[in-house]
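Undergrad: Dropping a structure here in structure tokens format, bear with me for questions.
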Amino acid sequence: MLVRCKIKEYPDGTKKSYVYPEGYFKDENGYEQTVSGLSAYEKDLDSIEQDRIHSEHMNMVRTRNQIKDYVLSNEFNMFWTLTFDTDRDSDQICFNKLSNWLKYMKSKYGLFEYIFIPERHSDGCLHFHGVTGSFKGV
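Here our numbering runs 189 ahead of the position in the sequence shown, where the first position is 1.
Structure, rendered in structure tokens:
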């Protein structure tokens, strides 16, 4: 099936529409299918690199849109920014600290909904922005 537009409706009644001038195909299971005239073997290196860059960009766009959809489709009522004063230069330690903090908060205050997104400071270290819903700790 060729898809040329899509409309999303959120619980608060707002709608967002997308128009795809060239369209894209969805198979019978609802998966998007791209149509390309050339196989990877027939493309030159510049074309392959352009495809890779475009693919990375589109992955970021899809991820950003999916996060927006999650936020707009749920009742989040608090915004957070979490930074670390020690071990800031290790991504894995920062992710572990966030995970441990979330486990602690859930054990202390009960289950709650959350989304946290990592972002880099200008110095390259991670911090997290997030939203929570049903959090009883404040």
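The beta-carbon is built from N, C-alpha and C at its ideal position, and this holds for glycine as well.
1. Mind checking which residues open and close the beta strand (DSSP E) that includes LEU271?
2. Can you tell me the Cα-Cα spacing of LEU271 and GLU302, whole angstroms?
3. For the stretch 233–312, list the alpha helix (DSSP H) runs that are entirely contained and at least 4 residues long, ordered along the chain.
4. When burial is assigned at 16 or more other CB atoms within 10 Å of the CB, is VAL137 buried or exposed?
5. For PHE324, name the three-state secondary structure that DSSP assigns.
6. Is the separation between the beta-carbon of ILE306 and that of PHE317 shorter than 8 Å?
7. Determine the direct distance from the alpha carbon of PHE273 to that of THR217, and round the result to whole angstroms.
8. Have a look at HIS243 and ARG253 and give me their C-alpha separation to the nearest angstrom.
TA: Judging by the given coordinates:
1. Here residue 271 refers to the residue found at position 82 when the sequence shown is read from its first residue. Per DSSP, LEU271 belongs to the beta strand (DSSP E) from 267–271.
2. Counting from one through the sequence shown, the residue named residue 271 turns up at place 82. Counting from one through the sequence shown, the residue named residue 302 turns up at place 113. Approximately 16 Å, taken between the alpha carbons.
3. Every unbroken stretch of the alpha helix (DSSP H) spanning 4 or more residues and falling wholly within the stretch 233–312 is given here in chain order: 234–262, 280–298.
4. There is simply no residue 137 to check, as the chain begins at 190 and stops at 327 in what is shown.
5. Here residue 324 corresponds to residue number 135 of the sequence shown, with the count starting at 1. In this structure, PHE324 counts as coil in the three-state DSSP scheme.
6. Taking the sequence shown and counting its residues from 1, the one referred to as residue 306 is at position 117. Taking the sequence shown and counting its residues from 1, the one referred to as residue 317 is at position 128. Judged by beta-carbon spacing, PHE317 lies within the 8 Å limit of ILE306, meaning their Cβ atoms are closer than that value.
7. For this step, residue 217 is matched to residue 28 along the sequence shown. For this step, residue 273 is matched to residue 84 along the sequence shown. At residue 217 the sequence reads Glu, which differs from the Thr that was named. One C-alpha to the other measures close to 47 Å.
8. Counting from one through the sequence shown, the residue named residue 243 turns up at place 54. Counting from one through the sequence shown, the residue named residue 253 turns up at place 64. About 15 Å.
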